[in-house]
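Quick note on numbering: the sequence shown equals residues 1 to 175 in my numbering.
Glycine included, each C-beta is placed from N, C-alpha and C at the ideal position.
Note that the coordinates shown come from a computational prediction; the quantities given were computed from them, not determined experimentally.
The structure appears below as structure tokens.
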Amino acid sequence: MAGLRKGRSYRKVKRAYTRKSKFKAKSFIKAIPSCKIARFKMGDLFKKFNYEIELSPKETLQIRHNALESVRQVVNRHLEINLGSQYLFQIRVFPHHILREHKMLTGAGADRMSPGMSNAFGKPVGIAAQLKRGQTILSIAVNKEHLETAKKAMSLAKPRLPGSYLINVKELKLK
1 MAGLRKGRSY RKVKRAYTRK SKFKAKSFIK AIPSCKIARF KMGDLFKKFN YEIELSPKET
61 LQIRHNALES VRQVVNRHLE INLGSQYLFQ IRVFPHHILR EHKMLTGAGA DRMSPGMSNA
121 FGKPVGIAAQ LKRGQTILSI AVNKEHLETA KKAMSLAKPR LPGSYLINVK ELKLK
């Protein structure tokens with residue numbers, strides 16, 4: 001069964017070779033895959049909170065949109081069950097980078113049927129967010145009594161993302 005390639009195939013940040021133009025004929029990529037991330041802000045959007053917990057990578061990398069959506073679902077479910085609506089959860093990155101795949105035939109006689117490396121540009125298969133070291137990916141704003149629950153939610157996110165991450169806690173100044 002042919003499915004998605006492993007995430008490590010797309011982990012390293014590379015120069016985008018994807019020209020998008022309002023004129024379709026001048027674009028290298030004719031159609032951009034849609035983003036799987038359903039919502040970027042969850043919880044109580046209008047309430048002010050005292051603390052903010054942030055998740056940031058230790059190295060420069062790319063994260064696919066389906067990994068970000070998986071993290072969003074897990075963290076939001078944990079926060080909703082334990083805190084109700086006493087939090088503000090945000091995804092701070094957007095996947096702009098288009099991932100391409102040059103599908104290759106394998107097996108007996110594949111060399112006679114496949115075009116090989118001529119026309120090897122590849123078709124778009126997904127999108128990814130390119131992140132720099134220390135850039136905030138996710139943030140959860142809570143009050144002091146819910147700080148440990150929010151930290152636990154962030155630790156649930158770490159194994160679902162490529163690379164290694166830091167969890168930072170900041171105290172917000174309320175006016």
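>> So, with DSSP's three-state summary, where would you put residue 1?
In response: A caution first: residue 1 carries a pLDDT of 42, below 50, which makes its placement in the model unreliable, though a value can still be read off. The three-state secondary structure of residue 1, taken from DSSP, is coil.
> Can you tell me the Cα-Cα spacing of residue 27 and residue 21, whole angstroms?
Replying inline: Approximately 5 Å, taken between the alpha carbons.
>> Rounded to the nearest angstrom, what separates residue 96 and residue 128 at their Cα positions?
In response: So the two alpha carbons sit approximately 6 Å from each other.
> Which residue's Cα is closest to the Cα of residue 165: 139, 174 and 172?
Replying inline: Across the set 139, 174 and 172, the C-alpha of 139 shows the shortest separation from the C-alpha of residue 165.
> If you draw a straight line from the C-alpha of residue 1 to the C-alpha of residue 29, how long is it?
Replying inline: Confidence at residue 1 is low in this model, with a pLDDT of 42, below 50, so the placement of that residue should be treated as unreliable; the coordinate-derived value is given next. When the Cα atoms are used, residue 1 and residue 29 turn out to be separated by approximately 26 Å.
> Per DSSP, which one or two residues make a beta bridge with residue 239?
Replying inline: Only positions 1 to 175 of the chain appear in this structure, which leaves residue 239 out of reach.
>> Rounded to the nearest angstrom, what separates residue 71 and residue 117 at their Cα positions?
In response: Here the alpha carbon of residue 71 sits roughly 36 Å from the alpha carbon of residue 117.
> Buried or exposed: residue 184, going by 16 or more other Cβ atoms within 10 Å of its Cβ?
Replying inline: Any question about residue 184 goes unanswered here, given that the chain covers just 1 to 175.
> According to DSSP, is residue 50 helix, strand or coil?
Replying inline: If DSSP states are grouped into helix, strand and coil, residue 50 belongs with coil.
> Can you tell me whether residue 64 is buried or exposed, with buried defined as 16 or more other CB within 10 angstroms of its CB?
Replying inline: By the neighbour-count definition (other C-beta atoms within 10 Å, threshold 16), residue 64 is a buried residue.
> Considering only C-alpha positions, which residue in the set 39, 53 and 61 is nearest to residue 131?
Replying inline: Minimum Cα distance to residue 131 is reached at 61.
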